[in-house]
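A.B. asks: Have a look at the structure that comes next, please.
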Amino acid sequence: MSAPGPASPEIHGGNLEAAARRLGCRPDQLLDASASLVPFAPPWRLRRALGRALAPAALRPYPDRGYAGLRAAIASLHGLDPAWVLPGNGAAELFTWAARDAAAVGVSLLPAPGFADYRRALACWGGQARSLALPLEWQGAGPLPWPWGHGAAPEAAAGRAAVADQHDSTALWITNPHNPTGQLWSRASLEPLLARHRLVICDEAFLPLVPGGEAQSLLPLVAGHPNLVVIRSLTKLFAIAGLRLGYAVAAPERLARWSGWRDPWPVNGLAAAAGEALLADRRGYARWCARVQGWAEREGAWLSAGIGALEGLVPLPSSANFLLVRGERQGRPLALEPLRLALERQHRILLRDCRSFEGLDASWVRIGLQDRRGNRRLLRGLSREWRPG
Ligand SMILES: Cc1ncc(COP(=O)(O)O)c(C=O)c1O
454 MSAPGPASPE IHGGNLEAAA RRLGCRPDQL LDASASLVPF APPWRLRRAL
504 GRALAPAALR PYPDRGYAGL RAAIASLHGL DPAWVLPGNG AAELFTWAAR
554 DAAAVGVSLL PAPGFADYRR ALACWGGQAR SLALPLEWQG AGPLPWPWGH
604 GAAPEAAAGR AAVADQHDST ALWITNPHNP TGQLWSRASL EPLLARHRLV
654 ICDEAFLPLV PGGEAQSLLP LVAGHPNLVV IRSLTKLFAI AGLRLGYAVA
704 APERLARWSG WRDPWPVNGL AAAAGEALLA DRRGYARWCA RVQGWAEREG
754 AWLSAGIGAL EGLVPLPSSA NFLLVRGERQ GRPLALEPLR LALERQHRIL
804 LRDCRSFEGL DASWVRIGLQ DRRGNRRLLR GLSREWRPG
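Heads up, the sequence shown is in our numbering, so the first residue is 454 and it goes up one at a time.
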């Protein structure tokens with residue numbers, strides 16, 4: 454398989470090293486709006502914990518095979534028993550094991566456009582997948598009703614039929630809020646799905662960044678539903694993509710089975726120490742989330758208004774820390790690819806190329822929110838380079 458180049462869209466944002474090589478600059482000269490991470494440095498307690506974990510005596514031993522400290526911290530944060538929690542080498546590693554269960558159930562239903570890694574994980578086990586076409590029009594950022602629930606819009610009828618069709622042998626993958634659209638699904642509309650699907654995997658990687666998002670989490674439903682898996686990630690919330698840390702919350706029997714399948718120490722000692730420091734301090738975690746959500750709300754409104762003021766650029770309503778933007782004039786799509794490339798070349802700004810998302814083409818880009826300085830730079834670049842056809 455050849456590496457993605459300029460002609461083949463990246464299947465993930467945040468490829469800073471490769472972009473810097475391509476553009477002949479240093480990675481720190483780039484403004485990366487292609488991945489959607491919090492733009493400020495992680496909390497001090499993380500850096501303190503990493504400093505301690507770097508001492509030779511701390512580096513020497515293997516990590517605790519049961520990750521007791523980290524599991525206790527995650528469990529106490531969510532008011533759970535540690536047996537219901539499993540840390541992973543990023544959410545991505547946990548998708549691999551969720552996909553093994555999903556493949557055993559039957560067909561996986563995947564809203565499209567959606568996050569590509571679920572398909573990667575399913576492909577590991579020869580799992581079958583079927584797309585549910587997400588209607589690309591909606592009002593307000595949410596909480597919104599799940600599009601294939603009862604009383605959903607007529608455009609979703611085909612998807613609803615696909616769901617009703619095969620409910621005994623289906624695994625449903627939910628992303629809340631959804632990537633790349635930023636739609637926040639309401640818990641009330643998701644709860645009935647647990648009776649309809651043999652397995653429901655809910656990826657809440659972005660949920661702690663969403664103002665009011667926790668009220669829509671499925672975490673409180675896990676204890677009563679052995680067919681539910683909730684997966685979270687620390688990547689976006691703490692801007693620590695390189696450390697690789699996420700966790701699953703699900704029935705202990707399921708998690709014990711996954712533990713038997715994986716490598717003996719999937720989470721390295723530095724990531725485990727970081728996770729423990731970040732999550733054991735509940736008040737510190739709550740303060741951090743409040744700061745992040747305040748930023749997402751403020752900058753989301755500011756950037757969306759600025760982009761929306763440019764003729765032919767339509768930012769869709771988003772509850773997340775990224776905006777899906779459509780190029781459109783008089784109802785006809787406008788290609789945004791030249792704009793994306795001009796921003797890269799002239800301004801060293803990376804936007805997420807959306808062509809690798811099923812159902813999206815070159816008339817879409819996804820833009821991760823930055824701090825105000827970064828958002829100003831973004832808007833300046835867009836204003837200079839955008840020529841609406
Ligand atoms: C919806 C969603 N879930 C999960 C992840 C991956 O999280 P992690 O870095 O913890 O593997 C991403 C990364 O882009 C994502 O967009």
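Using N, Cα and C, we set each Cβ at its ideal position, and we do this for glycine too.
This one's a predicted model, so the numbers in the text were calculated from it and none came from an experiment.
1) Specify the secondary structure class of glutamine 581 as computed by DSSP and reduced to three states.
2) What I want to know is whether the C-beta of glycine 595 ends up closer than 7 Å to one or more non-hydrogen atoms of ligand 1.
3) Tyrosine 520 to alanine 725, Cα distance in whole Å?
4) Only counting the same chain, and skipping five residues up and downstream in sequence, which positions put a Cβ closer than 6 Å to that of threonine 688?
5) According to DSSP, which residues form a beta bridge with cysteine 655?
6) Relative to the C-alpha of proline 770, which candidate in Gln783, Leu756, Leu763 and Asn828 has its C-alpha closest?
7) Check the DSSP bridge columns for serine 561 and list the partner residues they point to.
8) Is the region 805-812 touching the region 663-683 in the sense that three or more CB pairs, one from each, lie closer than 8 Å?
9) Can you grab the Cα-Cα spacing for the pair alanine 582 / asparagine 629, in whole Å?
10) Hey, serine 622 and glycine 579 are a contact pair by Cβ (cut 8 Å); roughly how many whole angstroms apart?
11) Put glutamate 608 into one of helix, strand or coil per three-state DSSP.
12) Could you have a look at glycine 602 and say whether DSSP puts it in helix, strand or coil?
13) Could you check if valine 635 belongs to the surroundings of ligand 1, using beta carbon to heavy atom distance under 7 Å?
14) Report the rounded CA-to-CA distance for leucine 507 versus alanine 624, giving the unit in angstroms.
15) Can you tell me where the beta strand (DSSP E) with alanine 486 in it begins and where it stops?
16) Just the C-alpha distance for alanine 557 and arginine 573, rounded to the nearest angstrom, thanks.
17) What's the gap between the Cα of glycine 753 and the Cα of alanine 494?
18) Is glycine 784 near ligand 1 - that is, is its Cβ less than 7 Å away from at least one heavy atom of it?
19) Beta carbon of leucine 821: closer than 7 Å to some heavy atom of ligand 1?
20) Can you list, in chain order, the residues of its chain with a C-beta nearer than 7 Å to that of glutamate 764? Leave out the 5 residues immediately preceding and following it.
21) DSSP on glycine 673, reduced to helix/strand/coil?
22) Closest to serine 642 by C-alpha separation, out of Arg474, Val675 and Trp601, would be which residue?
23) Quick one: give me the first and last residue of the beta strand (DSSP E) that glycine 699 is part of.
24) What's the C-alpha gap between aspartate 534 and valine 675?
25) Going by beta-carbon coordinates alone, are glycine 827 and phenylalanine 775 separated by less than 8 Å?
26) Taking a cut-off of 6 Å, which residues have a beta-carbon closer than that to any heavy atom of ligand 1, in chain order?
27) With a Cβ-Cβ cutoff of 8 Å, do leucine 597 and leucine 637 count as a contact?
28) With which residues is isoleucine 843 paired in a DSSP beta bridge?
29) Distance, Cα to Cα, glycine 812 vs proline 566?
30) From the DSSP output, in three-state form, read off glutamate 790 for me.
31) Taking the alpha-carbon positions, what's the leucine 575 to arginine 837 distance?
32) By a C-beta neighbour count over all protein chains shown, 10 Å radius and 16 as the cutoff for buried, is proline 768 buried or exposed?
33) Alpha carbon to alpha carbon, how far is glycine 593 from glutamate 608? Give it in angstroms, no decimals.
34) Which one of Thr634, Arg782, Leu708 and Gly834 has the shortest CA to CA distance from serine 772?
35) Where does the unbroken beta strand (DSSP E) through isoleucine 802 begin, and where does it stop?
36) Quick check: what's the CA-CA separation for arginine 735 versus glutamine 783?
C.D. replies: Taking the geometry as given:
1) DSSP, reduced to helix, strand and coil, places glutamine 581 within a strand of the structure shown.
2) Every heavy atom of ligand 1 is 7 Å or more from the Cβ of glycine 595, so no.
3) Their backbone Cα atoms lie some 7 Å apart in a straight line.
4) The residues Ala694, in chain order, have a CB closer than 6 Å to that of threonine 688 in the same chain once the five nearest residues on each side in sequence are set aside.
5) For cysteine 655, the pairing in a beta bridge is given by DSSP as Ile627 and Val683.
6) Nearest C-alpha to proline 770: Leu756.
7) Per DSSP, Ala582 and Ala624.
8) Pairwise C-beta distances place the region 663-683 out of contact with the region 805-812, as fewer than three of them are shorter than 8 Å.
9) Rounded to the nearest whole angstrom, the CA to CA distance from alanine 582 to asparagine 629 is 19 Å.
10) Contact flag wrong, Cβ pair sits at about 15 Å.
11) Any reading at glutamate 608 must be qualified, since the residue scores a pLDDT of 49, below 50, and its modelled position is unreliable; no value is offered.
12) DSSP places glycine 602 in coil when its eight states are reduced to three.
13) Note that residue 635 is glycine in the sequence shown here, rather than valine. No.
14) Each residue's Cα considered, the two are about 41 Å apart.
15) Residue range 484-486 is occupied by the beta strand (DSSP E) that includes alanine 486.
16) Distance between the alpha carbons of alanine 557 and arginine 573 is about 16 Å.
17) Their Cα atoms are separated by approximately 19 Å.
18) No, the beta carbon of glycine 784 sits no closer than 7 Å to any heavy atom of ligand 1.
19) The residue you asked about is not leucine; residue 821 is glycine in the sequence shown. Checking every heavy atom of ligand 1 against the Cβ of glycine 821, none is found closer than 7 Å.
20) Once the five neighbours on either side are set aside, the close Cβ partners of glutamate 764 are Pro841.
21) This sequence places proline at residue 673; glycine is not what is there. In this structure, proline 673 counts as helix in the three-state DSSP scheme.
22) The shortest Cα separation from serine 642 among Arg474, Val675 and Trp601 belongs to Trp601.
23) For glycine 699, the enclosing beta strand (DSSP E) begins and ends at 699-702.
24) Each residue's alpha carbon lies about 12 Å from the other.
25) It is not a contact, given that the beta carbons lie outside the stated cut-off.
26) Ordered by chain, the residues meeting the criterion of a beta-carbon within less than 6 Å of a non-hydrogen atom of ligand 1 are Gly543, Ala544, Ala545, Phe568, Thr628, Asn632, Asp656, Ala658, Ser686, Thr688, Ala694 and Gly699.
27) Against a cut-off of 8 Å, the Cβ pair of leucine 637 and leucine 597 comes out as a contact.
28) Because the chain in this structure spans residues 454 to 842, residue 843 falls outside the shown range and cannot be described.
29) Taking the straight line from one Cα to the other gives about 6 Å.
30) In the structure shown, the three-state DSSP call for glutamate 790 is helix.
31) Each residue's alpha carbon lies about 42 Å from the other.
32) Under this definition proline 768 is a buried residue.
33) Unreliable placement is indicated for glutamate 608, whose pLDDT of 49 sits below 50; the coordinate value is still reported in the next sentence. Taken atom to atom, the span from the alpha-carbon of glutamate 608 to that of glycine 593 is near 18 Å.
34) Out of Thr634, Arg782, Leu708 and Gly834, Thr634 has the C-alpha closest to the C-alpha of serine 772.
35) For isoleucine 802, the uninterrupted beta strand (DSSP E) run begins and ends at 802-806, by DSSP.
36) Roughly 50 Å separates the two Cα atoms.
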